[in-house]
Amino acid sequence: MNNATQRPTRPVWLDGLYAVTPDTSDSAWLLPRVAAVLAGGASLVQYRNKSHDAALRREQATAIQALCRRHGAWFLVNDDVGLAEEIGADGVHLGQSDTSICTARQRLGPNAIIGATCHDQPALAVQAVGNGASYVAFGALFPSRSKPEAISAPLSLFAALPPLEVPCVAIGGITPANAALAWQTGVDMLAVIGGLFDAPAPDAAARAILASR
Numbered sequence: 004m005n006n007a008t009q010r011p012t013r014p015v016w017l018d019g020l021y022a023v024t025p026d027t028s029d030s031a032w033l034l035p036r037v038a039a040v041l042a043g044g045a046s047l048v049q050y051r052n053k054s055h056d057a058a059l060r061r062e063q064a065t066a067i068q069a070l071c072r073r074h075g076a077w078f079l080v081n082d083d084v085g086l087a088e089e090i091g092a093d094g095v096h097l098g099q100s101d102t103s104i105c106t107a108r109q110r111l112g113p114n115a116i117i118g119a120t121c122h123d124q125p126a127l128a129v130q131a132v133g134n135g136a137s138y139v140a141f142g143a144l145f146p147s148r149s150k151p152e153a154i155s156a157p158l159s160l161f162a163a164l165p166p167l168e169v170p171c172v173a174i175g176g177i178t179p180a181n182a183a184l185a186w187q188t189g190v191d192m193l194a195v196i197g198g199l200f201d202a203p204a205p206d207a208a209a210r211a212i213l214a215s216r
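In this text, residue positions in the sequence shown follow the working numbering: the first is 4, and each later residue adds one.
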């Protein structure tokens, strides 16, 4: 079911810091860090957990969504359209091998935020937008500890993109130390995992990334 009426009142054009949760079953570790990242200014959180424990994933997703609502931030689920539909998330982020954008749009409704991973390929972004994606994501910009096998996307990629008319997101190895280089590409959002959640103070890391823009 589409729960669009419960979405935060924010501009349609996504902008700012995009936090992606690390894959962990330790909710006592994860949830305070999500709260800190939101306090530091993240405007969107994507819940990413590949566990087969459906009850754990539902519990964590529901708790993180509540934190996002409290801070007026968007909440997305990685890959799992069913979970997003069940809890009334703001949308999903889809990889190239996940549920199709068209199917996700049909299930979640016209107001859902649907993001698409496009690696280093502008053609995938054009296709995704044509299929109804709300934003497109490119990366990895820098070597990533979270996904060391990720395809590398050069910083120069963004200057060569065709007009897409949706927000562009950069991801991969972004930290407070290199965020300024990523912002200089002109992207709308930086998606960060380890650079936030592995930091001693995730709220300070969030503020530093935003301040480097």
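C-beta: ideal position from N, C-alpha, C; glycine also. This structure is a prediction, so every number in the text was calculated from the model and none was measured.
* **beta strand (DSSP E) segment containing Val172, residue limits** => Counting from one through the sequence shown, the residue named residue 172 turns up at place 169. Following the DSSP letters along the chain, one finds Val172 inside the beta strand (DSSP E) bounded by residues Cys171 to Ile174.
* **Beta-carbon separation (whole angstroms), Ser46 vs Asp18, contact threshold 8 Å** => Here residue 46 refers to the residue found at position 43 when the sequence shown is read from its first residue. Here residue 18 refers to the residue found at position 15 when the sequence shown is read from its first residue. Right, the Cβ-Cβ distance comes to about 7 Å (below 8 Å), so this counts as a contact.
* **Nearest neighbour of Ser54, chosen from Cys71, Arg72, Asp26 and Ser30 [CA to CA]** => Within the sequence shown, the letter at position 51 stands for residue 54. Selected option, being the one with the closest Cα: Asp26.
* Which of helix, strand or coil DSSP assigns to Val213 -> The residue labelled residue 213 in the question sits at position 210 within the sequence shown. Per the sequence presented here, residue 213 reads as Leu, with Val not at that position. It is helical.
* To do: Give, in chain order, every unbroken run of the beta strand (DSSP E) that is at least 3 residues long and sits entirely within the segment 84-168.
  => Listed in chain order, they are 94-97, 116-120 and 138-141.
* Leaving out five residues before and five after Leu164 in sequence, what residues of the same chain have Cβ atoms less than 8 Å from its Cβ? -> Taking the first residue of the sequence shown as 1, we reach residue 164 at position 161. Same-chain partners within the cutoff: Pro125, Ala128 and Cys171.
* Out of Gln109, Gly98 and Gly112, which has the shortest C-alpha to C-alpha gap to Gly118? -> Reading the sequence shown from its first residue, position 115 is the one you call residue 118. Taking only the C-alpha atoms, the option nearest Gly118 is Gly98.
* In or out: Gln109 buried (at least 16 other Cβ within 10 Å) or exposed? -> Within the sequence shown, the letter at position 106 stands for residue 109. Its Cβ having fewer than 16 others within 10 Å, Gln109 is exposed.
* Could you please give the first and the last residue of the uninterrupted beta strand (DSSP E) stretch that includes Trp186? => On the sequence shown, residue 186 is found 183 positions in, with the first residue counted as 1. Not the beta strand (DSSP E): Trp186 falls in the alpha helix (DSSP H), residues Ala182 to Trp186.
* Among the residues of its own chain, which have a CB less than 8 Å from the CB of Gly198, if the five just before and after it don't count? -> Your numbering for residue 198 matches position 195 in the sequence shown. Its chain contains Gly176, Ile177, Thr178, Pro179, Ala182, Ala208 and Ile212 as the residues whose beta carbon lies nearer than 8 Å to that of Gly198, once the 5 sequence neighbours on both sides are disregarded; these appear in chain order.
* With respect to the alpha helix (DSSP H) encompassing Gly197, which residues constitute its N-terminal and C-terminal limits? -> Numbered from 1 along the sequence shown, position 194 holds the residue referred to as residue 197. Run containing Gly197: Gly197 to Phe200, per the alpha helix (DSSP H) assignment.
* How many angstroms separate the CA atom of Arg72 from the CA atom of Ile174? -> Indexing the sequence shown from 1 puts residue 72 at position 69. Indexing the sequence shown from 1 puts residue 174 at position 171. Their backbone Cα atoms lie some 24 Å apart in a straight line.
* To do: For the alpha helix (DSSP H) holding Leu34, just list the boundary residues, first then last.
  => In the sequence shown, counting from the first residue as 1, residue 34 sits at position 31. Element bounds for Leu34: Ser30 to Ala42.
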